[in-house]
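Worksheet: the structure to be examined is printed underneath.
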Amino acid sequence: MTEPPPGRPPLLRAGLAELAADPDLLDVVVDAARATSTLVAGLPREETVRHVLALISAAFGALAGDRPLSLAELDTAARLGADRAAQGVPLTALLDGFQAGRAAAVRLAVARARAAGVSADALVDLFVELDGLVTALEHQLTHAHHATELDRVRTAREQRVLLLRRLLLGGSGGGGGEPGGEPGGEPAVALGLDPAARHRCLVSAEHEPSAAHRLESRLTGAVGGVYGLLSGYLVGVCRPPLPPLPAGGPLLVLGPAVAVADLPDSYRMCCAARDAGLRAGTTGVVALADLAVDSALAAVPGLGRVLTDALLSALRPANPFHRELAATALAHLDHGGRLEATAAAVHVHPNTVKYRLRRMRELTGFGSDHNDGDDPGGEPPSAVRHSVHWWWALRTWQRGTFEDPNEIR
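Under our numbering, think of the first position of the sequence shown as 1, with each following residue one higher.
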C-alpha cells in the first residue's frame, strides 16, 4: 500500500484518534453490519463488537498516525475472515456486513470532519485514504476466508474418504462396540448412513480428479450417497432404489443392495468387475451381475491361455483372416448362435458369417461336438461348458492379439 501523505494537521489527527475511540462509531458500524447480514446478526453481538472494534482501531489508528497498516492490524482482518469461515458464515454474507459497516464508518467520519471545519480538499483526501485502508483490510479478510474454507473442505473431504475407506475396506474399529454391533456401523453413522439399512456400492472407472468431481456431483444429485477417490478411482455408497442414470460415459459398476457388514465384499467384487470391464472396453452404467462372468474369468487369466493353446493353436494373430474368424466366432457366441444378430454385429452378410464359421470349424473344430481338450476317451462336456470354454479362449486370444501379438502363438 502507498504511504499516506505526510503533514496532516494535528487537529485532524486528534479528531481521527478521538473518533476511533468513540463508542458511537462502534455502535453505528456494528448495527449496520448486523442489520445488513442476517448471518452476521445470528452471531452473538459481543462477537461482532470485538471484531469491529479491532478493525476500527486499525483503520483509524493508521489514518490518524499518517502511517500504513501494520502487519498486526492486517492480521486482525485475516483472523476475522478465518473466524467467520470457521463459523460457517459465507463470504457473501460477511462482505455484506463489512460493506455496510464500512459505509457507515465513512459517513460518520466525513460528517465529523465537516463539522470540525475540515476543508473540502482535505475531506476528499481523507475519504480516499480511509477507503484505501479499509480496502486493504477487506482483502486480508477475503483471502483468509477463502483459505479457511478451502482447508475446511479439504479436511472434510479427507475425513470422508478415510471413513469411506474404513467402510469399504474393513479397517480399524470394526466389529463389536460399533452402533448396532455390526462391522462398518461406526463409519456408516459418521458418514450419515443408516447402519441398519441396505446400501449399494458404486465403483467407477473415472480417475481424473476434475472429471471425478463432476461425476460425483452428478451422482450426488441423482442418487445421493457419499463418494470419494479410493485407489485412484471414484467410488461411493448409496441407498437403493436407484433412478435411471445417464447412459454412456465411463464405466460405472453398480453393486447389489447389501447390509453394511457386506459392503467390503461387494466393493471388492465391484472393483474386480470394473477392472474386467475396462479390459473388455465396457462403458456406461453396468450392474455387477452383468459382469460376473468377465470378473470370474479375469481372476484366473492363466486358464484362459491354457484354453487358447488347447483350442486355437491353428490360428495366427498376424493373419487378418484368422482375426476375422475369431471375431465372428466370438460374436456368434455372444449372440446366442443367432445368424442375423451375428452378421449385424460384425457388419457382414449372413452368408459371410456361415462361411467364416465353416472355416473356423475346419481350422479349430469350433461348433463341433468334441471334448474341448479333455481326455479323448472321456464324455463330451455340457453345452454350457463347451460354450464357456470357447468364449473364454476366443476372448483371451483376441485380447492377446491386440495387446501383445507375441504373447500368444
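Glycine is no exception: its CB is placed at the ideal position from the N, C-alpha and C atoms.
All values reported here derive from a predicted model rather than from experimental measurement.
Got a sec: is the Cβ-Cβ distance from residue i to anything in chain B below 8 angstroms?
i      : result
Glu324 : Checking the listed chains, one finds no chain B in this structure; it contains a single protein chain.
Residue j and residue i - do their beta-carbons sit closer together than 8 angstroms?
i      : j      : result
His332 : Leu307 : no
Leu162 : Leu263 : no
Thr148 : Gly42  : no
Ala326 : Leu315 : yes
Gly15  : Ala111 : no
Ala247 : Ala272 : no
Ala287 : Leu242 : no
Leu291 : Gly277 : yes
Ala36  : Asp96  : In the sequence under discussion, the amino acid at residue 36 is Thr, which differs from the Ala named in the question. Yes, the Cβ-Cβ distance between Thr36 and Asp96 is below 8 angstroms.
Arg200 : Pro256 : yes
Leu130 : Val106 : yes
Val52  : Ala33  : yes
Val189 : Gly101 : no
Leu133 : Ala59  : yes
Leu108 : Leu26  : no
Ala330 : Leu394 : The displayed chain sequence assigns Leu, not Ala, to residue 330. Taking 8 angstroms as the Cβ cut-off, Leu330 and Leu394 qualify as a contacting pair.
Val89  : Val40  : yes
His145 : Leu74  : no
Thr328 : Thr342 : yes
Ala64  : Ala103 : no
Going by DSSP, name the residue or residues bridged to residue i.
i      : result
Arg198 : Ala259
Leu108 : Paired residues: none, contrary to the question.
Ala287 : Leu254
Tyr233 : Leu230
Cys238 : Arg200
Consult DSSP for residue i and reduce its assignment to one of helix, strand or coil.
i      : result
Ser210 : helix
Gly281 : coil
Gly228 : strand
Ala318 : coil
Leu363 : helix
Val348 : coil
Val300 : coil
Ser313 : coil
Val118 : coil
Leu141 : helix
His335 : coil
Ser446 : There is no way to answer for residue 446, as the model of the chain reaches only from 1 to 409.
Ser37  : coil
Gln87  : coil
Ser368 : coil
Pro187 : helix
Gly81  : helix
Ser70  : coil
Gly170 : coil
Leu193 : coil
Pro23  : helix
Gly15  : helix
Arg61  : Before going on, a small fix: residue 61 reads as Gly here, not Arg. Gly61 falls in the helix class under three-state DSSP.
Ala156 : helix
Between which residues of its own chain and residue i is the CB-CB distance below 6 angstroms, once the five residues before and five after are set aside?
i      : result
Leu252 : Ser204, Val285
Glu206 : Ala212, Leu215, Leu234, Pro250
Leu363 : Ala314
Val223 : Cys238, Leu242
Asp151 : none
Where does residue i land, buried or exposed, given buried means 16+ other C-beta within 10 angstroms?
i      : result
Gln159 : exposed
Leu197 : Per the sequence presented here, residue 197 reads as Ala, with Leu not at that position. Looking at its Cβ environment, which holds fewer than 16 other Cβ atoms inside 10 Å, Ala197 is exposed.
Pro301 : exposed
His347 : exposed
Ala85  : buried
His349 : exposed
Arg218 : exposed
Gln398 : buried
Ala72  : exposed
Thr92  : exposed
Val153 : exposed
Val384 : exposed
Ala20  : buried
Phe321 : exposed
Ser210 : exposed
Gln140 : buried
Thr135 : exposed
Arg157 : exposed
Sorted by chain position, which residues of the same chain lie with C-beta nearer than 8 angstroms to residue i's C-beta, five sequence neighbours on each side aside?
i      : result
Ser368 : Arg361
Leu164 : Pro187, Leu191, Val226, Tyr227, Gly228, Leu230, Val235, Gly236, Val237
Arg45  : Val30, Arg34
Ser172 : With a pLDDT of only 42 at Ser172, under 50, the local geometry of the prediction cannot be trusted, and no value is derived from it.
Ala345 : Ala331, Asp334, His335
Apart from the five residues on each side of it in sequence, which residues of its chain come closer than 7 angstroms, Cβ to Cβ, to residue i?
i      : result
Glu340 : Pro350
Ala438 : This structure does not reach residue 438, given that the chain is present from 1 up to 409, and the question cannot be answered.
Glu138 : Phe98
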